[in-house]
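S.K.: The following block contains the structure, expressed as structure tokens.
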Amino acid sequence: MEQENKRLRYSDNYTNLPNRDWFELQCERVMAKYNKDFYVVLTHSANNEYFNLKFNKKDANFLLTSAYKRLKSNTEGPLLCAHIGPGRLAFIIRAQSVKELKTKLLTEIKQTLDEDYPLLDSKCHQSFLFGFAKYDDNVKNSSKVISNASTALKQANINTPFSGYSETFSKEFLEKYEISMLLDEALQNAEIDVAYQPKVTASGECIGLEALARWDSPILGTVHPTSFVAIAEEYKLISRLTDLVIQKVCSQISYWTQAGITSVPVAINISLIDFNQADFLPKLVKYLADYNVKPHQIELELTETSLDANPAHSLKLMRILQSWGFIISVDDFGVGYSNIARLADYPINKLKLDRSLIKQITKSSRQKSLVKAIHVMCEELDIKCVAEGVETLEQVTIMDKMGCKEYQGFYFAKAMSPTDFSKHVKKFGLTFNNKKQTVKESLN
Numbered sequence: 001m002e003q004e005n006k007r008l009r010y011s012d013n014y015t016n017l018p019n020r021d022w023f024e025l026q027c028e029r030v031m032a033k034y035n036k037d038f039y040v041v042l043t044h045s046a047n048n049e050y051f052n053l054k055f056n057k058k059d060a061n062f063l064l065t066s067a068y069k070r071l072k073s074n075t076e077g078p079l080l081c082a083h084i085g086p087g088r089l090a091f092i093i094r095a096q097s098v099k100e101l102k103t104k105l106l107t108e109i110k111q112t113l114d115e116d117y118p119l120l121d122s123k124c125h126q127s128f129l130f131g132f133a134k135y136d137d138n139v140k141n142s143s144k145v146i147s148n149a150s151t152a153l154k155q156a157n158i159n160t161p162f163s164g165y166s167e168t169f170s171k172e173f174l175e176k177y178e179i180s181m182l183l184d185e186a187l188q189n190a191e192i193d194v195a196y197q198p199k200v201t202a203s204g205e206c207i208g209l210e211a212l213a214r215w216d217s218p219i220l221g222t223v224h225p226t227s228f229v230a231i232a233e234e235y236k237l238i239s240r241l242t243d244l245v246i247q248k249v250c251s252q253i254s255y256w257t258q259a260g261i262t263s264v265p266v267a268i269n270i271s272l273i274d275f276n277q278a279d280f281l282p283k284l285v286k287y288l289a290d291y292n293v294k295p296h297q298i299e300l301e302l303t304e305t306s307l308d309a310n311p312a313h314s315l316k317l318m319r320i321l322q323s324w325g326f327i328i329s330v331d332d333f334g335v336g337y338s339n340i341a342r343l344a345d346y347p348i349n350k351l352k353l354d355r356s357l358i359k360q361i362t363k364s365s366r367q368k369s370l371v372k373a374i375h376v377m378c379e380e381l382d383i384k385c386v387a388e389g390v391e392t393l394e395q396v397t398i399m400d401k402m403g404c405k406e407y408q409g410f411y412f413a414k415a416m417s418p419t420d421f422s423k424h425v426k427k428f429g430l431t432f433n434n435k436k437q438t439v440k441e442s443l444n
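Encoded structure:
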């Protein structure tokens, strides 16, 4: 009976893996014996929130248990492993330095955990993130070290999968939390604005717009989109942000139509969480119906990560959206390890070449050849290439010779308010050619 009570106390009810109580107890014992060079590491999948929303508890637990077994089988790896929260594993590991921990030990563990998992008769790709904190003279309590590692994990992302805790880091975390509270209030009051950046032909004829969220906080001032969008994702505000942008875009399209301003498709960025929410499609349709907007007036910009998380779901939803008339584009192609194969696998209308690719075509012949090869493949697959982040005439000239038909960037126009866009159109029409006029001139 005593043995059974101990088992129940120290194991998770759903996975039967060692739980947080067990982990804290074992950590205290290890530290009492060795007392140096130990780190507590917390890990979860980058798609953890989506996975918990999309799959049932049994499937989620299968993934977690499989990851736990992989950790335990790593000969260079953890001394102790446990399941300490939803989708989250913890382990303690010995390392001589942070450099050894990140470049060797955690890198090897990540490679092991990131391998595909068999799930629902298909392979499920995962990318694990890690937050770590060290036992030292200032922090010897297991619970505190775990809390510090948890704080560090919140800052890990696909591009920076290993995140360590420090006092400076803790201060930054508190600042981000305060910003998230102000963002939550701004969303409640619909205080997020939408700016529109033209997408044009090589001659400057506007054939579309991209809706970009803007936040001018009365307390913080102007907050850069990369900052508050990342905070919205981290603090689970992203769906509310997307909903507000979609609503404002539909309202604006309706206003422009009634004002006699020629309508062009407006692109809206859709995050991984948005795209995989069960109510995403019904909400989207409702907003369009409320403002009498047609699907062909909306372009949905997805990231490659959105497609990777659940390929079967992505393919099905994209086919539905495209059949209804929505324009489907993949954003930031060329960032990280882009998958060329998906160009043939998914019903994509447009591919946006990331600004990092476009920036190099005037400096590197190899980069220029790479962009040209991607463009040729897109033409064969009837996918339109969009050159994103064009800043010079030379970039436009090179892309035009390749046959690129759509451009977006400061060379033609920066993002502008709906009012400024309307003023420009009334004076110059849908032409954004900086050799003939500037946005500043159009507002005079």
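Numbering (this note's numbering), first residue to last: 1 to 444. Just so you know, even glycine gets a beta-carbon here, dropped at the ideal spot from N, CA and C.
Helix, strand or coil: which one does DSSP assign to Val333?
M.R.: First, the residue type needs correcting, since residue 333 is Phe and not Val in the sequence shown. Three-state result, Phe333: strand.
S.K.: Ignoring anything shorter than 3 residues, give me the beta strand (DSSP E) runs that lie fully in the stretch 254 to 312, in order along the chain.
M.R.: Listed in chain order, the complete beta strand (DSSP E) runs (minimum 3 residues) inside the stretch 254 to 312 are 266 to 270 and 298 to 302.
S.K.: What is the C-beta distance between Lys350 and Val396, in whole angstroms, given that I count them as a contact (C-beta under 8 Å)?
M.R.: Not a contact, Cβ separation roughly 18 Å.
S.K.: Determine whether the beta carbon atoms of Phe38 and Ala90 lie at a separation below 7 Å.
M.R.: For Phe38 and Ala90, no; Cβs fall outside 7 Å.
S.K.: Assuming the contact rule is C-beta atoms closer than 8 Å, Leu381 and Leu343 should be a hit. Round their C-beta distance to whole Å, please.
M.R.: So it is a contact: roughly 6 Å between Cβ atoms.
S.K.: Can you give me the start and stop residues for the beta strand (DSSP E) that Thr419 sits inside?
M.R.: Not the beta strand (DSSP E): Thr419 falls in the alpha helix (DSSP H), residues Pro418 to Phe428.
S.K.: Closest by CA to Ala46, which one among Phe130, Asp59, Thr15 and Cys250?
M.R.: Out of Phe130, Asp59, Thr15 and Cys250, Phe130 has the C-alpha closest to the C-alpha of Ala46.
S.K.: Who does Trp215 pair with in a DSSP beta bridge?
M.R.: Bridge partners of Trp215: Val223.
S.K.: Measuring straight from C-alpha to C-alpha, what distance separates Ile445 and Ile320?
M.R.: One cannot answer for residue 445 here, as it falls past the ends of the chain, which runs 1 to 444.
S.K.: Using three-state DSSP, classify Ala133 as helix, strand or coil.
M.R.: Three-state result, Ala133: strand.
S.K.: Could you tell me which of Leu25, Lys72 and Gly85 sits nearest to Asn13, measuring between CA atoms?
M.R.: It is Gly85.
S.K.: Anyone know if the C-beta pair for Tyr165 and Met31 falls short of 7 Å?
M.R.: No; because the gap between Cβ atoms is not below 7 Å, this pair is not in contact.
S.K.: Per DSSP, which one or two residues make a beta bridge with Pro462?
M.R.: Since the first residue of the chain shown is 1 and the last is 444, residue 462 is not available in this structure.
S.K.: Enumerate in chain order the residues of its own chain whose CB-to-CB distance from Ser239 is below 7 Å, with the five nearest sequence positions on each side excluded.
M.R.: The answer, listed in chain order, is Ile273, Asp274 and Gln277.
S.K.: Just curious, the alpha helix (DSSP H) that Asp400 is in, first and last residue?
M.R.: Run containing Asp400: Leu393 to Met402, per the alpha helix (DSSP H) assignment.
S.K.: Buried or exposed for Ala267, please, with buried defined as at least 16 other CB atoms from any protein chain shown within 10 angstroms of its CB.
M.R.: Buried, since its Cβ has 16 or more Cβ neighbours within 10 Å.
S.K.: Check each candidate in Asp400, Thr305, Trp324 and Leu315 and name the one with the smallest Cα separation from Asn159.
M.R.: The shortest Cα separation from Asn159 among Asp400, Thr305, Trp324 and Leu315 belongs to Thr305.
S.K.: Roughly how many whole angstroms lie between the Cα atoms of Glu394 and Gln197?
M.R.: Roughly 21 Å separates the two Cα atoms.
S.K.: Contact between the stretch 416 to 430 and the stretch 192 to 210: three or more CB pairs below 8 Å?
M.R.: Counting Cβ pairs under 8 Å, three or more are found: they touch.
S.K.: May I have a chain-ordered list of the beta strand (DSSP E) segments no shorter than 3 residues that lie completely inside the stretch 3 to 80?
M.R.: Complete beta strand (DSSP E) runs here, min 3: 38 to 45.
S.K.: Within the continuous beta strand (DSSP E) that includes Lys384, where are the two ends?
M.R.: Where Lys384 is concerned, the enclosing beta strand (DSSP E) stretches over Lys384 to Glu388.
S.K.: How long is the line joining the alpha carbons of Tyr177 and Asn189, rounded to whole angstroms?
M.R.: Rounded to whole angstroms, Tyr177 to Asn189 spans 19 Å at the Cα level.
S.K.: Which value, in whole angstroms, describes the spacing of the CA atoms of Ser97 and Phe280?
M.R.: Rounded to whole angstroms, Ser97 to Phe280 spans 45 Å at the Cα level.
S.K.: Does the beta-carbon of Tyr34 have 16 or more other beta-carbons within 10 angstroms, so that it is buried, or is it exposed?
M.R.: Label assigned to Tyr34: exposed.
S.K.: Whose C-beta lies closer than 8 Å to the C-beta of Ile219 among residues of the same chain, with five residues either side of it excluded?
M.R.: Within the same chain, Ile219 has close Cβ partners Leu182.
S.K.: Suppose the cutoff is 7 Å on Cβ atoms and the five residues either side in sequence are ignored; what does the same chain contact list for Val249 look like?
M.R.: Val194, Ala211, Val266 and Ile268.
S.K.: Using 7 Å as the threshold, is the C-beta distance between Asn48 and Thr15 below it?
M.R.: For Asn48 and Thr15, no; Cβs fall outside 7 Å.
S.K.: What's the gap between the Cα of Leu443 and the Cα of Phe428?
M.R.: The predicted position of Leu443 is uncertain, since its pLDDT is 38 and thus under 50; a value taken from the coordinates is nonetheless stated next. Distance between the alpha carbons of Leu443 and Phe428 is about 10 Å.
S.K.: Do the stretch 397 to 412 and the stretch 198 to 210 make contact, defined as three or more Cβ pairs closer than 8 Å?
M.R.: Touching, per the Cβ criterion.
S.K.: Relative to the C-alpha of Lys199, which residue among Ser143, Glu388 and Leu79 is closest?
M.R.: That would be Glu388, whose Cα lies nearest to the Cα of Lys199.
S.K.: If you check the beta carbons only, do Tyr68 and Leu113 fall under 7 Å apart?
M.R.: Against a cut-off of 7 Å, the Cβ pair of Leu113 and Tyr68 comes out as no contact.
S.K.: Compute the Euclidean distance between the alpha carbons of Ala149 and Val229, then round it to the nearest angstrom.
M.R.: Going by the C-alpha atoms only, they are around 23 Å apart.
S.K.: To which residues of the same chain is Leu300 closer than 8 Å at the C-beta, ignoring the five residues directly before and after it?
M.R.: For Leu300, where only same-chain residues beyond five positions count, the Cβ hits under 8 Å are Ala267, Ile268, Ile270, Leu321, Phe326, Ile327, Ile328 and Ser329.
S.K.: Given a threshold of 16 other Cβ atoms within 10 Å of its Cβ, counted over all protein chains shown, does His375 qualify as buried or as exposed?
M.R.: By the neighbour-count rule (16 or more Cβ atoms within 10 Å), His375 is buried.
S.K.: Per DSSP, what are the beta-bridge partners of Arg355 in this structure?
M.R.: Answer is none; Arg355 lacks a bridge partner.
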